[in-house]
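Numbering (the working numbering), first residue to last: 1095 to 1331. Don't be surprised by glycine CBs; every beta carbon is placed ideally from N, CA and C. Just so you know, these numbers come straight off a predicted model, no measurement behind them.
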Amino acid sequence: MDLFIDVDNKKIDFNVQYRNRKTMSIQIEPTGKVLVAAPQGLSEEKIVEVVKGKGRWIVRKLEELKEIDYKSIEKTFVDGEGFLYLGEEYPLQIEVDKDIKVTSIMILRGNLYIKAPVRDVNMLRQAVEKWYREKCLVKVMERVDYYKEIVGKKPIKVRVKEQKRRWGSCTSRGHILFNWRCIMAPLDVIDYIVVHEMCHLIHMNHSKAFWELVEYILPDYKERRNWLKKYGVLLNI
């Protein structure tokens, strides 16, 4: 359902999706699309009222997005194209060897080096994503192990998966899921994502106590979070 509000003579369109939840949430995608998740049965009038109450915040976030040179990132997998890994950009170098069956990927002499049987974009993208996923799981497990004593609790299970709108999530069963794209971010940003989700093992909300725990562990967490908000859109292939 599409609705809109007026804020300082600016029309803001937003899309509403009804879900099985108790509260409303407002999310702004990197493309500038405003998404609202609302409890089942909530009236349009109440939704508009709540969104309008957040109108200035929405306008501010939309202005921040304009400062970022956003574009839908889809790699073309040509030699020299940059790929992010732990916050550093590595030029792509592809070697085609028809005698091999399995594609191999590594960081080699400052490049993201791929040795593949054919130069097929879809195959290369799948191989790179698989490599990112493997590297991400290793790194987040390493960071979880580092922070478990500081947080005072460790997850029952850690997984890396596809998450379109989240960098991580924590379930009531103590399972933490991480977006595989995290591995493209600098290590201090990965640490923020890990600590954020591990703190949910103590506080399953974003209460004052939750943020106090995050800040106790990472006093500069706001800077790390702001980096993710500003540049997270670039973490993609």
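Residues bridged to residue i by DSSP?
{"i": "residue 1262", "result": "1272"}
{"i": "residue 1176", "result": "1185"}
{"i": "residue 1111", "result": "1131"}
{"i": "residue 1202", "result": "1205"}
{"i": "residue 1106", "result": "1099"}
{"i": "residue 1308", "result": "None, per the DSSP bridge assignment."}
{"i": "residue 1253", "result": "1271"}
{"i": "residue 1210", "result": "1190"}
{"i": "residue 1120", "result": "1130"}
With distances taken from CA atoms, which of the options is nearest residue i?
{"i": "residue 1186", "options": "1134, 1195, 1218, 1211", "result": "1218"}
{"i": "residue 1256", "options": "1273, 1205, 1293", "result": "1273"}
{"i": "residue 1127", "options": "1098, 1117, 1303", "result": "1098"}
{"i": "residue 1295", "options": "1325, 1241, 1316", "result": "1241"}
{"i": "residue 1329", "options": "1237, 1258, 1201, 1238", "result": "1258"}
{"i": "residue 1178", "options": "1192, 1206, 1171", "result": "1206"}
{"i": "residue 1108", "options": "1319, 1116, 1132, 1289", "result": "1132"}
{"i": "residue 1173", "options": "1181, 1190, 1182", "result": "1190"}
{"i": "residue 1264", "options": "1302, 1287, 1243", "result": "1287"}
{"i": "residue 1115", "options": "1298, 1123, 1136, 1122", "result": "1136"}
{"i": "residue 1100", "options": "1143, 1118, 1119", "result": "1143"}
{"i": "residue 1254", "options": "1325, 1303, 1291", "result": "1291"}
{"i": "residue 1223", "options": "1243, 1096, 1200", "result": "1200"}
{"i": "residue 1077", "options": "1225, 1289, 1123", "result": "Lying before the first or after the last residue shown, residue 1077 is absent from the chain, which here runs from 1095 to 1331."}
{"i": "residue 1216", "options": "1170, 1307, 1096", "result": "1170"}
{"i": "residue 1220", "options": "1104, 1096, 1105, 1331", "result": "1331"}
{"i": "residue 1119", "options": "1141, 1105, 1104", "result": "1141"}
{"i": "residue 1129", "options": "1158, 1298, 1096, 1138", "result": "1096"}
{"i": "residue 1248", "options": "1202, 1293, 1306", "result": "1293"}
{"i": "residue 1113", "options": "1102, 1104, 1103, 1134", "result": "1134"}
{"i": "residue 1110", "options": "1102, 1145, 1104", "result": "1145"}
{"i": "residue 1285", "options": "1102, 1316, 1303, 1302", "result": "1316"}
Any C-beta of chain C sitting closer than 8 Å to the C-beta of residue i?
{"i": "residue 1266", "result": "Looking at the structure shown, chain C is missing, and only one protein chain is on hand."}
How many whole angstroms separate the CB atoms of residue i and residue j, which I take to be in contact at a CB cut-off of 8 Å?
{"i": "residue 1234", "j": "residue 1252", "result": "6 Å"}
{"i": "residue 1267", "j": "residue 1250", "result": "6 Å"}
{"i": "residue 1180", "j": "residue 1261", "result": "Incorrect: roughly 15 Å between the Cβ atoms, too far for contact."}
{"i": "residue 1183", "j": "residue 1176", "result": "4 Å"}
{"i": "residue 1318", "j": "residue 1282", "result": "6 Å"}
{"i": "residue 1155", "j": "residue 1106", "result": "Going by Cβ atoms, the distance from residue 1155 to residue 1106 rounds to 11 Å, so no, they are not a contact pair."}
{"i": "residue 1307", "j": "residue 1297", "result": "7 Å"}
Which ranges would you report for the beta strand (DSSP E) in the segment 1125-1157 if only whole runs of at least 3 residues count? Residue ranges of uninterrupted beta strand (DSSP E) with 3 or more members, entirely inside the segment 1125-1157 and ordered along the chain, are 1128-1133.
Pair every Cβ in the segment 1143-1153 with every Cβ in the segment 1185-1200, then say whether three or more of these pairs are closer than 8 Å. no
Meets three-Cβ-pair contact criterion under 8 Å: the segment 1305-1314 and the segment 1206-1215: no
For the pair the segment 1226-1246 and the segment 1276-1287, tell me if three or more CB-CB distances fall below 8 Å. With a cut-off of 8 Å, the segment 1276-1287 and the segment 1226-1246 count as touching, because enough Cβ pairs lie within range.
Which runs of the alpha helix (DSSP H), 4 residues or longer, sit entirely within the segment 1210-1245? With a minimum length of 4 residues, the unbroken runs of alpha helix (DSSP H) contained wholly in the segment 1210-1245 fall at 1215-1245.
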